[in-house]
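Protein chains in written order, with our numbering: chain A, 1070 to 1280; chain B, 2 to 195.
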């Protein structure tokens, strides 16, 4: 048993930064696309969705990590899903109680956090193999990375599509909004654009490293 | 809700296409749409799971509201979906092992396909009756298959094109999806007026 156990490297800065930058769920791994594109019509929605997902991610990873030695291997995925669904139900009721307006804006996508691949992916790939504190740190990093990604998309779409940021008008009244950016196709275009930007930066960095 | 069945079918298939207008089921849409040969069976498998899930969700919802256990809805749905995916997986492994291998990791991932859970949640939220729910889930699955097949055809065609290396990969798929979505916006308003 001790042979198969992963060598514990302890918590490093990279445990946290993995999710924020190197393995950013939105821009690098391209996971959890459905909420990413659906709710990012404004920066505010993006922020709330990010916070809700981070909460579910951190608490499920903590619980999964705590019970990781008790769960039989065959039923682990089902167990994780039930844990995640429980926390999502909590968040769902919480948001409903705190802000009905937000609840209506996010709609079914709060409940759809359950099937966000990032959470199940983290539970399976990290939390089920690591001690509680370490997996919480990692999950927090992932959650923050996800929120940053959502915010980048949401802010871009709100600025282009409505001329606003967090509901504040930016360009005065003569601004002609680029409406398609807040409509579904805009989500695909903006994310495609961000990915293009990152691959441009990466290729320039590699070119510079070779020169 | 007393929408007619044909209205539900057309609007879910085209105007509110699951993938291109409501952003459900994007992971398999981007992941499995590389080849037409796998995209179509994937669509059919997902449609089947959706129908089963929709049927179960309808029954479960009756049961849960009878016992006032609404807060268990999400958990109950996801467990049902996970089991029906397992069923499809076993059937496919037995009758078509080649296809089973081709779909690979994406088959068990139907469990985490938002489109399947989305069907169950939306039909509950819109208070559809049984016939409406089944129509809704079938149209959703057909729309998903349609989007997947269109995307796969486009991507197969693009493999022969000379695309700059910078754009290749996910960015290209996303921009393609954006264009497709723009096309489907042309259907908006279809079935909106009574």
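Even for Gly, the Cβ is constructed at its ideal location relative to N, Cα and C.
Three or more beta-carbon pairs under 8 Å between the stretch 1122-1133 of chain A and the stretch 1193-1202 of chain A, yes or no? yes
Reducing DSSP to helix, strand and coil, say where residue 1238 (chain A) ends up. strand
Residues near residue 65 (chain B) by beta carbon distance below 7 Å, same chain, minus five either side: Counting only Cβ-Cβ distances below 7 Å, and skipping sequence neighbours, we find 71, 73, 74, 77.
Check the Cβ-Cβ distances between residue 172 (chain B) and every residue of chain A, and say whether any is below 9 Å. Yes, residue 172 (chain B) counts as interfacial toward chain A.
Chain-ordered neighbours of residue 1131 (chain A) on chain B, where CB pairs are closer than 8 Å: Those do not exist, as residue 1131 (chain A) stays about 19 Å from chain B at its closest Cβ, beyond 8 Å.
Simplified DSSP assignment, three categories, for residue 1170 (chain A): helix
Element boundaries [alpha helix (DSSP H), containing residue 1284 (chain A)]: Nothing about residue 1284 (chain A) can be reported from this structure: the residues present for chain A run from 1070 to 1280 only.
Contained alpha helix (DSSP H) runs [length at least 4] in the stretch 1109-1140 of chain A, N- to C-terminal order: 1112-1135
Cα-Cα separation, residue 40 (chain B) to residue 62 (chain B): 32 Å
Using three-state DSSP, classify residue 1071 (chain A) as helix, strand or coil. With a pLDDT of only 37 at residue 1071 (chain A), under the threshold of 50, the placement of this residue in the model should not be trusted; the figure read from the coordinates follows. The answer is coil: DSSP assigns residue 1071 (chain A) none of H, G, I, E or B.
Which residue from B:189, B:165, B:181, B:177 puts its Cα closest to that of residue 1272 (chain A)? Considering only B:189, B:165, B:181, B:177, the residue with the shortest C-alpha distance to residue 1272 (chain A) is B:165.
Could you give the uninterrupted runs of the alpha helix (DSSP H) lying entirely in the stretch 1193-1255 of chain A, keeping only those of 4 residues or more? Taking only runs of at least 4 residues, the alpha helix (DSSP H) segments lying wholly in the stretch 1193-1255 of chain A are 1201-1231.
Alpha carbon of residue 159 (chain B) to alpha carbon of residue 183 (chain B), nearest angstrom: Cα atoms of residue 159 (chain B) and residue 183 (chain B): separation of roughly 19 Å, rounded to the nearest angstrom.
Given a threshold of 16 other Cβ atoms within 10 Å of its Cβ, counted over all protein chains shown, does residue 1280 (chain A) qualify as buried or as exposed? exposed
What are the residues of the stretch 1252-1265 of chain A that lie near chain B, defined by any Cβ-Cβ distance shorter than 9 Å? 1252, 1253, 1254, 1255, 1256, 1257, 1258, 1259, 1260, 1261, 1262, 1263, 1264, 1265
I need the boundaries of the alpha helix (DSSP H) containing residue 142 (chain B), first residue and last residue. 131-159
For residue 1094 (chain A) and residue 1184 (chain A), what's the separation of their Cα atoms in angstroms? 15 Å
Chain-ordered chain B contacts of residue 1099 (chain A) [CB-CB under 8 Å]: 31, 171
Contact set between residue 1183 (chain A) and chain B, taken where Cβ atoms lie within less than 7 Å: 75, 79, 118
Measure the alpha-carbon distance for residue 55 (chain B) versus residue 138 (chain B) and round it to whole angstroms. 6 Å
Given this structure, state the Cα-to-Cα distance separating residue 1073 (chain A) from residue 1143 (chain A), to the nearest angstrom. Confidence at residue 1073 (chain A) is low in this model, with a pLDDT of 39, below 50, so its placement is unreliable and the value that follows should be read with caution. Cα-Cα distance, rounded: 18 Å.
Own chain partners of residue 1083 (chain A) with C-beta closer than 8 Å, once the 5 adjacent residues on each side are dropped: When the five nearest sequence neighbours on each side are left out, the beta carbons in the same chain lying within less than 8 Å of the beta carbon of residue 1083 (chain A) are those of 1091, in order along the chain.
Considering only C-alpha positions, which residue in the set A:1123, A:1109, A:1097 is nearest to residue 1209 (chain A)? A:1123
Terminal residues of the continuous alpha helix (DSSP H) containing residue 51 (chain B)? According to the DSSP assignment, residue 51 (chain B) belongs to the alpha helix (DSSP H) that extends over 37-67.
For residue 1180 (chain A), go through chain B and note every residue whose CB falls closer than 8 Å to its CB, in chain order. 75, 118, 122
With a cut-off of 9 Å, does the C-beta of residue 1225 (chain A) fall near any C-beta of chain B? no
Neighbour flag for residue 26 (chain B) against chain A, beta carbons, 9 Å: yes
State yes or no: is the beta carbon of residue 1197 (chain A) nearer than 9 Å to at least one beta carbon in chain B? no
Out of A:1221, A:1245, A:1219, which one is the CA nearest neighbour of residue 1231 (chain A)? A:1245
Per-residue burial, residue 1081 (chain A) [other beta carbons within 10 Å of its own, 16 or more giving buried]: Exposed, since its Cβ has fewer than 16 Cβ neighbours within 10 Å.
Could you work out which residues of chain A lie near residue 48 (chain B), taking near to mean beta carbons separated by less than 8 Å? Neighbours of residue 48 (chain B) on chain A: none; closest Cβ ~17 Å, over 8 Å.
Using a Cβ-Cβ distance cut-off of 9 Å, determine whether residue 1274 (chain A) contacts chain B. no
Supposed close pair residue 58 (chain B), residue 125 (chain B) - CB separation, criterion 8 Å: 7 Å
Just to make sure I have the definition right: I need the residues of chain A whose C-beta is within less than 8 Å of the C-beta of residue 114 (chain B). Which are they? 1184
Simplified DSSP assignment, three categories, for residue 1076 (chain A): No answer about residue 1076 (chain A) holds up, because its pLDDT of 44 lies below 50 and its placement is not dependable.
Looking at chain B, which residues of the stretch 1153-1169 of chain A have a Cβ within less than 8 Å of any of its Cβ atoms? 1154, 1155, 1157, 1158, 1161, 1162
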